[in-house]
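J.: Sequence lines, in order, name chains A and B.
Position 102 (the first sequence) corresponds to 102 in this note's numbering; numbering is contiguous.
Position 12 (the second sequence) corresponds to 12 in this note's numbering; numbering is contiguous.
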Amino acid sequence: MKFGVVVFPGSNCDADCMHVVKDVLGQPAEYIWHKSGSVDGFDVIILPGGFSYGDYLRSGAIARFSPVMNAVYEFAKAGGLVLGICNGFQILLEARLLPGAMRKNKSLKFCCKDVYLKVENVNTPFTLKYEEGQIIRIPIAHGEGNYYCSEDTLYELKANNQIAFKYCDESGEVTDEANPNGSVANIAGICNKNGNVLGMMPHPERCAQKILGCEDGRLLFESIVLHLQHKRGV
Amino acid sequence: MYQARIYITLRESVLDPQGTAVRKALDAMGYDNVKDVRIGRYLLVDIDTDDKSLAESQAHDMCKKLLANPVIEDYKLEIVKLG
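#1: Given that A/K106 touches chain B, what residues does it touch there, using C-beta distances under 8 Å?
#2: According to the neighbour-count rule (16 or more other Cβ atoms, all chains shown, within 10 Å of its Cβ), is A/N179 buried or exposed?
#3: Note down, in chain order, every chain B residue with its Cβ under 7 Å from the Cβ of A/A101.
#4: Should A/A164 and A/T127 be called a contact, given that it needs their Cβ atoms to be closer than 7 Å?
#5: Could you name the residues of chain A that B/A21 contacts, counting a contact when the two beta carbons are closer than 8 Å?
#6: Provide the residue span of the beta strand (DSSP E) that contains A/L18, from first to last.
#7: Strictly by DSSP, which residues pair up with B/T9?
#8: Hey, how far is the Cα of B/R5 from the Cα of A/I91?
#9: Is the segment 205 to 220 of chain A touching the segment 93 to 110 of chain A in the sense that three or more CB pairs, one from each, lie closer than 8 Å?
#10: Output, in sequence order along the chain, the residues in the segment 50 to 68 of chain B whose CB is closer than 8 Å to any CB in chain A.
#11: Quick one: give me the first and last residue of the alpha helix (DSSP H) that A/P67 is part of.
#12: With C-beta atoms as the reference, is A/I135 less than 7 Å away from A/K118?
#13: Are A/K106 and A/D43 close, meaning C-beta to C-beta below 7 Å?
#14: Just the chain B side, please: which residues come within less than 8 Å of A/E94 by C-beta, in chain order?
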């Protein structure tokens, strides 16, 4: 089992992801430079947070045309696991591996704080260690996390159970007040129809160890490991 | 040489938080007849060709692939001969 953490110019959560996978979970992992044309030999690809290409034009728009993204696209289409966190989520949207787009936060402010999420779908390789409806606390840090999709797409997301996480309050109520950025339907994270590609704005890698005050994000990475172990019959 | 002058704005169905903030500021300044403000991008793309229709079709391709995101944005463009 090998994790790959893609590094774009401007990525800044790559080392955090590497730390969680390698040091906290004890799994083999390597960085993949954005100019690499291949992701052969990897079982999971993580697109980390940051400001790839300075967020020029639109967040994720230019990174999506990095050489490595062709390989990631093929990898995802073949069923490989791809996790996009924050800027990684924006890149997945721009690459059309996930539906929808990001707008500037409704408040127009960069929002950096802990939020509560409701786990809506535990039947994905990324969420299987959570309980359905579980409320978790995870930090966000973004200026463009205001998820948008058409009504038709939203209908499809719901019908196919593709909404993985929703912003909620501490008691689990999905309210406007608990929506930090104006996202449609309080969406914090979605997966593709097959469930092998997940994008989320909150940062699970920033809350995967007790020493950081919260480890609700750790289960996401442990879910991936468990999924791959099952797949290999371990 | 042709220049593509490309205007990109958020689609009408998409709330434009920046535009809304500017409209409110204009309203506070006394421009109470401003009904809507949409903020977008303006790109000037110089294309080295003598073939206007080629420049135009290339510019449309660029918009669809990279310069605009059709999920949330509309674009329009004009092609102008340079020099």
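We put the beta carbon where it would ideally sit given N, CA and C, even for glycine.
T.: Here's the rundown:
#1: L15 and P17
#2: buried
#3: N69, V71 and I72
#4: yes
#5: L108
#6: The amino acid occupying residue 18 of chain A in the given sequence is Met; Leu does not appear at that position. No beta strand (DSSP E) holds A/M18; the alpha helix (DSSP H) holding it covers D14 to M18.
#7: B/G40 and B/D74
#8: 26 Å
#9: no
#10: L66 and L67
#11: P67 to K77
#12: yes
#13: no
#14: N69
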